[in-house]
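Heads up: the sequence shown begins at 989 in our numbering, then just goes up one per residue.
Each remark here refers to the structure printed beneath this line.
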Amino acid sequence: MTWIDAVVDARTPATPEIALFDLAPVDGTEFASYTAGSHVDVDLGSGLVRQYSLCGPPEPRRYRLAVLNVANSRGGSRAMHALAVGDRVRISAPRNHFPLADTHSHVLIAGGIGITPLLAMLTHLERVRADYVLHYSARTRSRAAFLDELSGNPRVRFHFDDEDPALLLDITRDLGDPRPDTAVYVCGPDGFMDYVVGKAEALGWPRSALHTERFGTNLTTPADAGQAGFTVRLASTGTEYSVGEDQSVLDVLLDNGVDAPFSCQQGICGECVVRVLAGEPDHRDDVLSDAERADGMFTTCSSRAHSPVLEVDL
Ligand code: FES
């Protein structure tokens, strides 16, 4: 991974719990452009790397991130919220595992801080005059970021937990039956996403029409999966390594000096993806689409094997 030095150029409260961070390049250069739905990895030091969506329109000298200060943070949001203007961080180049689909219509469904990639999508869809609607669910108005930007937009529907119960998000009413040439994008806390996706599938929406992104909080890890070990084989050399029940494929590759790419180690960034050439993967990531999995893609950091041997294209 190539890291880019950035400086915190501005920091603005969006709500009492959400701060906007504007990052700028440190050396007078320009940031790479990016597409709506992209995120960057932020290296917060001490091995802490977190993924944050880019929520502003692409600008050569500004990447904007919105970060929720999570009460039971594993360190990432706490470290981000400790940053002040002038502090430096390292970031990755933008990556997009949550791109807009090439469809006529788009339904964006955000829960809380999940608004961040969807705001970038909305900005793009407005610019190209696409057909879309945004459903934005939050506990209260005071905890919803970007209200000023979104309030006057007739394509935006707000759903606040503490307001009129008749206006709560209702997937049956607000999404409705499957429609051709329509993509649905869902981002938010795990429970919210499980609810939305479950309801959408029950309504008959095909999984291929449902696009999700979660910056994992309940991802299954090899350590808690309680699963037997297996063997990973490198296609280039035929070398085989045992993957213990408490190890990931990535752990084993790195321990044995294999130059394997990685970043988040949580199955959410896609940096470690390799192709499986033989064997049956047990996918435990939250980044690959069904089509990518069917195409043999596999995350070495989080996924495992149903078969005794898994051959990967390394
Ligand atoms: S390192 Fe991020 S998905 Fe594996």
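In this text, a Cβ means the ideal position worked out from N, Cα and C, and glycines have one as well.
Spatially closest choice to residue i from the options, by CA coordinates
| i | options | result |
| --- | --- | --- |
| D1301 | R1038, A1248, D1278, R1292 | A1248 |
| D1015 | L1008, R1076, L1036 | R1076 |
| A1054 | H1069, A1216, A1190 | H1069 |
| G1217 | P1194, L1276, D1239, E1280 | D1239 |
| A1223 | V1073, D1274, V1297, G1100 | V1297 |
| L1163 | A1190, D1178, E1005 | A1190 |
| V1262 | P1153, R1281, G1245 | R1281 |
| G1226 | L1265, S1065, D1010 | L1265 |
| L1032 | D993, R1221, R1052, V1246 | D993 |
| R1052 | V995, A1089, T1017 | V995 |
| F1019 | D1165, E1259, P1142, R1049 | R1049 |
| I1103 | A1154, Y1040, P1142, A1072 | Y1040 |
| P1045 | R1066, G1035, P1105 | P1105 |
| L1135 | E1299, L1071, I1101, C1260 | I1101 |
| P1166 | V1116, G1035, V1185 | V1185 |
| G1074 | R1117, G1035, A1118, F1009 | F1009 |
| A1234 | G1192, A1154, C1289, G1284 | Note that residue 1234 is Asp in the sequence shown, not Ala. Checked all of G1192, A1154, C1289, G1284; the closest Cα to D1234 is C1289. |
| L1138 | E1114, A1154, A1118, L1155 | E1114 |
| T1017 | S1034, G1255, E1047 | E1047 |
| L1241 | A1188, E1299, W1193, G1192 | E1299 |
| L1088 | R1078, A1118, A1067 | A1118 |
| I1079 | C1260, N1057, L1036 | L1036 |
Beta-carbon spacing of residue i, residue j below 8 Å
| i | j | result |
| --- | --- | --- |
| D1029 | C1175 | no |
| T1091 | A1024 | no |
| H1147 | S1125 | yes |
| A1007 | R999 | yes |
| F1086 | H1271 | no |
| D1333 | R1202 | Only positions 989 to 1302 of the chain appear in this structure, which leaves residue 1333 out of reach. |
| T1219 | S1236 | no |
| L1096 | L1122 | yes |
| L1042 | S1021 | no |
| P1177 | G1099 | yes |
| F1250 | P1269 | no |
| T1170 | A1197 | yes |
| S1295 | G1267 | yes |
| R1038 | G1064 | yes |
| R1127 | D1149 | yes |
| A1133 | A1002 | yes |
| R1143 | Y1173 | no |
| D1278 | R1145 | no |
| T990 | A1072 | no |
DSSP beta-bridge partners of residue i
| i | result |
| --- | --- |
| V1297 | T1219 |
| E1201 | C1175 |
| S1230 | T1219 |
| I1159 | The partner list for I1159 (beta bridge, DSSP) is empty, contrary to what the question assumes. |
| D1270 | R1292 |
| R1078 | D993, D1031 |
Endpoints, beta strand (DSSP E) assigned at residue i
| i | result |
| --- | --- |
| R1263 | 1261 to 1266 |
| A943 | Lying outside 989 to 1302, the shown extent of the chain, residue 943 is not represented and no answer is given. |
| V995 | 992 to 1001 |
| V1144 | 1144 to 1148 |
| L1238 | Taken as a continuous stretch (DSSP letters only), L1238 belongs to no beta strand (DSSP E), being part of the alpha helix (DSSP H) at 1237 to 1243. |
| F1009 | 1006 to 1013 |
| F1250 | No beta strand (DSSP E) contains F1250, which DSSP labels as neither H nor E. |
| T1287 | 1285 to 1287 |
Residue span of the alpha helix (DSSP H) that contains residue i, given as start and end
| i | result |
| --- | --- |
| D1165 | Here D1165 belongs to no alpha helix (DSSP H), and DSSP marks it neither H nor E. |
is_contact[residue i, chain C] using C-beta, thresh 8 Å
| i | result |
| --- | --- |
| G1044 | No chain C appears in the structure shown, which is made up of a single protein chain. |
### beta strand (DSSP E) runs contained entirely in the segment 1083 to 1140, provided each spans 3 or more residues
1093 to 1099, 1119 to 1126
### Query
Along the chain, which unbroken stretches of the alpha helix (DSSP H) at least 4 residues long are found entirely within the segment 1018 to 1075?
1064 to 1069
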